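J.: So that we are looking at the same thing, I have put the structure below in structure tokens.
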Amino acid sequence: MTTDTPTLLRHAAGYALEYLDGINDRPVFPDADAIAALHTLGGPVPESPEDSATVLEALHRVASPATAASTSGRYFGFVVGGTLPVTIGAHWLATAWDQNAGGWTVSPLGAEMEIIAAGWLLDLMDLPRDAAVGFVTGATMAGFSALAAARAAVLGRQGWSVREQGLRMAPPVRIVTGAEAHTTIHKALRMLGFGTQEVEIVPTDAQGAMRADALPALDETTILILQAGNINSGACDPFTDIIPKARAAGAWVHVDGAFGLWGRAAPAVAEHLRGVEMADSWSVDAHKWLNVPYDSAVYICRDHEAVRQAFTADAAYLMRSDRREPSNLTPELSRRARAVEIWAAIRALGRAGIAQMVERCCAHARTFAHELGSAGFEIMNEVCLNQVCLRYRDDETTLAIMEAVQRDGTCWLGPTVWQGRKAFRISVSNWATTEEDVAATVAVLVAAARRFG
Ligand SMILES: *Cc1c(COP(=O)(O)O)cnc(C)c1O
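Pasting the structure below:
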């Protein structure tokens with residue numbers, strides 16, 4: 051007694067629609083009972099088969115109530131983005147196709163979609179059109195991949211092949227980054243053999259941007275890591291002041307632009323990213339501001355030879371072609387065809403739609419700052435992109451408000467520490483967020499401030 055495939059998948063689609071339909075009627079964060087009920091999905095390994103329809107029904111009934119409603123327009127935690135409906139559809143199709151996008155010969159579709167999506171991404175962000183683009187899981191792996199290429203290039207210039215000779219006896223490589231570099235940059239560096247204590251830290255200003263006047267002398271053994279879009283403030287490093295100098299000194303410049311690089315695709319905010327195009331490599335998420343499903347990001351690198359040094363791996367059975375071989379650009383061999391959803395998002399929105407989505411999120415962030423600032427909240431950052439960092443009176447009140455808001459369930463936002471003080475963050479990166487969502491969230495915050503403040 052097994053359900054036939056079309057019936058099964060129609061059920062799944064029905065559950066998904068029911069979930070998305072109800073997204074605004076449920077708490078944005080699951081309640082404790084919903085999370086506790088997840089244990090009913092566990093227990094010993096099932097010994098015998100069960101009808102697939104029952105399996106999916108259990109997911110719908112038990113698991114879906116335990117989700118964080120991060121696709122809701124009132125989820126402002128971290129920087130998570132949402133999912134454009136067209137990208138959910140594209141994701142379903144790509145899953146049904148189950149392409150292994152690691153090689154042209156195993157999936158011409160996977161490789162060719164990457165070529166198209168890569169070209170569109172470079173155009174939208176106005177980055178070098180002939181750069182290499184690798185499709186990976188997130189900005190962590192994008193940073194890792196670009197920095198692996200950087201490591202190969204910087205050592206290569208010193209006559210050292212990290213590919214052939216490894217790292218243990220290698221000449222020194224300097225790593226320089228800002229005090230506000232994202233934690234995953236340090237993680238990526240550690241995975242590449244650079245310890246946290248080896249990293250030279252450049253002080254940042256009140257917005258979290260690197261201070262160009264505090265940059266140490268750089269040379270051709272240096273990898274300089276900049277940031278476009280600080281997770282608290284949205285601030286971008288002063289690219290025009292730093293990158294030309296760094297490159298003239300022979301350093302490799304990487305920019306972590308996990309969400310901020312999307313500002314390049316929105317004329318109204320693109321000024322904050324001026325000069326970023328001069329870098330050697332960039333990392334940017336698609337699952338944040340492009341609003342495609344997890345997990346999805348790209349890294350972009352001018353230097354194809356450095357990418358080859360870092361990632362090419364061949365074997366006779368892999369039947370390499372003279373076409374794009376995606377796995378020669380990324381850490382993974384087998385992987386899903388992420389470019390399909392990126393392609394769908396760009397095709398559905400177009401250049402104008404992407405600019406509008408990014409600008410709308412930034413406008414919502416400014417509304418938050420304006421409304422909450424008027425209501426007595428301290429807006430701690432200059433709201434240049436989509437991030438608002440704020441507090442109310444003192445640490446204790448700030449935390450009390452945030453916890454009350456999280457319990458309330460209308461919206462969700464998370465804590466941070468900004469410039470040594472407790473705060474919370476509002477990140478607007480979801481296509482679905484409306485003015486009503488912003489107003490409802492402001493109302494909850496202001497009510498909590500009245501109660502505790
Ligand atoms: C989110 C983020 C990352 C990490 O990205 P993942 O997609 O979670 O791996 C890195 N840097 C910055 C600036 C980010 O905002």
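Using our numbering, the letters of the sequence shown map in sequence onto residues 51 to 503.
Each residue gets a CB set at the ideal place from its N, CA and C atoms; glycine is no exception.
Source: prediction; values computed, not measured.
What's the gap between the Cα of ASP364 and the Cα of PRO376?
T.: Position 314 of the sequence shown, counted from the start, is the residue given in the question as residue 364. Position 326 of the sequence shown, counted from the start, is the residue given in the question as residue 376. Distance between the alpha carbons of ASP364 and PRO376: 12 Å.
J.: Looking at ALA419 and VAL433, is the spacing between their C-beta atoms short of 9 Å?
T.: Numbered from its first residue, the sequence shown carries residue 433 at position 383. Numbered from its first residue, the sequence shown carries residue 419 at position 369. In contact: VAL433 and ALA419 (Cβ atoms closer than 9 Å).
J.: Identify the residues that DSSP records as bridge partners of PRO548: which are they?
T.: The shown model of the chain, from 51 to 503, leaves out residue 548, and the question about it has no answer.
J.: Can you tell me where the alpha helix (DSSP H) with TYR69 in it begins and where it stops?
T.: Residue mapping note: residue 69 aligns to position 19 of the sequence shown, counting from 1. Counting along the chain, the alpha helix (DSSP H) containing TYR69 begins and ends at 55-71.
J.: Among MET191, PRO343 and ALA450, whose alpha-carbon lies nearest the alpha-carbon of ASN480?
T.: Here residue 480 corresponds to residue number 430 of the sequence shown, with the count starting at 1. Selected option, being the one with the closest Cα: PRO343.
J.: Short check: CB of VAL183 to CB of ALA168, under 9 Å?
T.: Residue 183 sits at position 133 when you count from the first residue of the sequence shown. Residue 168 sits at position 118 when you count from the first residue of the sequence shown. In this structure, ALA168 lies closer than 9 Å to VAL183 by Cβ.
J.: Using DSSP with H/G/I as helix, E/B as strand and the rest coil, what is SER377?
T.: Stepping through the sequence shown from its first residue, residue 377 is reached at position 327. Three-state DSSP puts SER377 in a helix.
J.: For PHE128, which of helix, strand or coil comes out of DSSP?
T.: Walking along the sequence shown from the start, residue 128 turns up at place 78. In this structure, PHE128 counts as coil in the three-state DSSP scheme.
J.: Using the rule of at least 16 other Cβ atoms within 10 Å of the residue's Cβ for burial, across every protein chain shown, is ILE85 buried or exposed?
T.: Taking the sequence shown and counting its residues from 1, the one referred to as residue 85 is at position 35. Classification for ILE85: exposed.
J.: Rounded to whole angstroms, what's the CA-CA distance from LEU274 to ARG111? Just pull it up for me.
T.: Stepping through the sequence shown from its first residue, residue 274 is reached at position 224. Stepping through the sequence shown from its first residue, residue 111 is reached at position 61. Near 49 Å, if we compare the C-alpha coordinates of ARG111 and LEU274.
J.: Does the count of Cβ pairs from the stretch 204-213 and the stretch 226-237 closer than 8 Å reach three?
T.: They do not touch, by the three-pair rule.
J.: Shorter than 9 Å from the beta carbon of ILE165 to some beta carbon of chain C?
T.: The structure shown contains no chain C, having only a single protein chain.
J.: Contact between the stretch 447-460 and the stretch 71-81 is defined here as three or more beta-carbon pairs at a separation below 8 Å; is this criterion met?
T.: Short answer: they touch.
J.: Bridge partners of PHE185, per DSSP?
T.: If you number the sequence shown from 1, residue 185 lands on position 135. PHE185 pairs with VAL348.
J.: Please determine if the stretch 158-167 and the stretch 316-326 are in contact, where contact requires at least 3 C-beta pairs separated by less than 8 Å.
T.: Not touching, per the Cβ criterion.
J.: What residue range is occupied by the uninterrupted beta strand (DSSP E) comprising ILE273?
T.: In the sequence shown, counting from the first residue as 1, residue 273 sits at position 223. Note, ILE273: beta strand (DSSP E), 272-277.
J.: Alpha carbon to alpha carbon, how far is TYR125 from THR137?
T.: One-based indexing of the sequence shown puts residue 125 at position 75. One-based indexing of the sequence shown puts residue 137 at position 87. Each residue's alpha carbon lies about 19 Å from the other.
J.: Just the C-alpha distance for LEU217 and ARG441, rounded to the nearest angstrom, thanks.
T.: Translated into positions along the sequence shown, residue 217 becomes position 167. Translated into positions along the sequence shown, residue 441 becomes position 391. Cα to Cα, the separation comes out at about 46 Å.
J.: From what residue to what residue does the beta strand (DSSP E) around ILE292 run?
T.: By 1-based counting over the sequence shown, the position of residue 292 is 242. Element bounds for ILE292: not the beta strand (DSSP E) but the alpha helix (DSSP H), 289-298.
J.: In whole angstroms, what is the alpha-carbon distance linking THR447 and ASP487?
T.: Your numbering for residue 447 matches position 397 in the sequence shown. Your numbering for residue 487 matches position 437 in the sequence shown. C-alpha separation (whole angstroms): 24 Å.
J.: Can you grab the Cα-Cα spacing for the pair GLY310 / THR491, in whole Å?
T.: The residue given as residue 310 occupies position 260 in the sequence shown. The residue given as residue 491 occupies position 441 in the sequence shown. Cα-Cα distance, rounded: 23 Å.
J.: Along the alpha helix (DSSP H) that carries HIS354, what are the first and last residues, could you check?
T.: Sequence index remark: in the sequence shown, residue 354 carries index 304 (1-based). Segment 354-361, the alpha helix (DSSP H) holding HIS354.
J.: Taking the beta carbon of VAL467 as the centre, do at least 16 other beta carbons fall within 10 Å, making it buried, or is it exposed?
T.: Reading the sequence shown from its first residue, position 417 is the one you call residue 467. It counts as exposed.
J.: Which residue comes first and which comes last in the alpha helix (DSSP H) that contains ASP458?
T.: By one-based count along the sequence shown, residue 458 stands at place 408. 445-458 is the extent of the alpha helix (DSSP H) around ASP458.
J.: Could you spell out where the alpha helix (DSSP H) holding ARG401 opens and where it closes?
T.: Mapped onto the sequence shown, residue 401 falls at position 351. Where ARG401 is concerned, the enclosing alpha helix (DSSP H) stretches over 389-424.
J.: So what's GLN437 in DSSP terms, helix, strand or just coil?
T.: Here residue 437 corresponds to residue number 387 of the sequence shown, with the count starting at 1. Three-state DSSP puts GLN437 in a strand.
J.: Of all the options LEU143, LEU435 and PRO222, which has the alpha carbon lying nearest to the alpha carbon of PRO317?
T.: On the sequence shown, position 267 is the one that residue 317 refers to. Measuring from the Cα of PRO317, the nearest candidate turns out to be LEU435.
J.: By Cβ distance below 8 Å, which residues in the same chain neighbour LEU205 in space, the five residues on each side in sequence not counted?
T.: Numbered from its first residue, the sequence shown carries residue 205 at position 155. The residues are SER211, VAL212, ALA220, PRO221 and VAL223.
J.: Given that a residue counts as buried once 16 or more other Cβ atoms are within 10 Å of its Cβ, and exposed if not, what is HIS89?
T.: In the sequence shown, the residue the question calls residue 89 occupies position 39. Exposed is the call here.
J.: I'd like the list of long-range same chain contacts for SER346, defined as Cβ closer than 6 Å, with 5 residues on each side in sequence excluded.
T.: For this step, residue 346 is matched to residue 296 along the sequence shown. For SER346, where only same-chain residues beyond five positions count, the Cβ hits under 6 Å are ALA336, HIS337 and ARG388.
J.: Note down, in chain order, each residue of its chain lying with its Cβ closer than 8 Å to the Cβ of ALA405, except the 5 sequence neighbours on either side.
T.: Here residue 405 refers to the residue found at position 355 of the sequence shown. Result list for ALA405: ALA315, ALA316, PRO317 and ALA318, in chain order.
J.: Does the beta carbon of VAL342 fall short of 8 Å from some heavy atom of ligand 3?
T.: Of the ligands this structure carries, namely ligand 1, none is ligand 3.
J.: Tell me whether TYR349 is buried or exposed, calling it buried when 16 or more other Cβ atoms sit within 10 Å of its Cβ.
T.: The count along the sequence shown starts at 1 and reaches residue 349 at position 299. Burial call: buried.
J.: If the criterion is Cβ atoms closer than 9 Å, does the pair ASN150 and ARG385 meet it?
T.: Taking the sequence shown and counting its residues from 1, one reaches residue 150 at position 100. Taking the sequence shown and counting its residues from 1, one reaches residue 385 at position 335. In this structure, ARG385 lies closer than 9 Å to ASN150 by Cβ.
J.: Are TRP312 and TRP339 close, meaning C-beta to C-beta below 9 Å?
T.: As a first step, residue 312 must be located in the sequence shown, where it is residue number 262. As a first step, residue 339 must be located in the sequence shown, where it is residue number 289. Yes. Within cutoff.
J.: Check whether the Cβ of ILE235 lies closer than 8 Å to any heavy atom of ligand 1, and answer yes or no.
T.: Here residue 235 is taken as the residue at index 185 of the sequence shown, counted from 1. Yes, since a heavy atom of ligand 1 falls inside the 8 Å radius drawn around the Cβ of ILE235.
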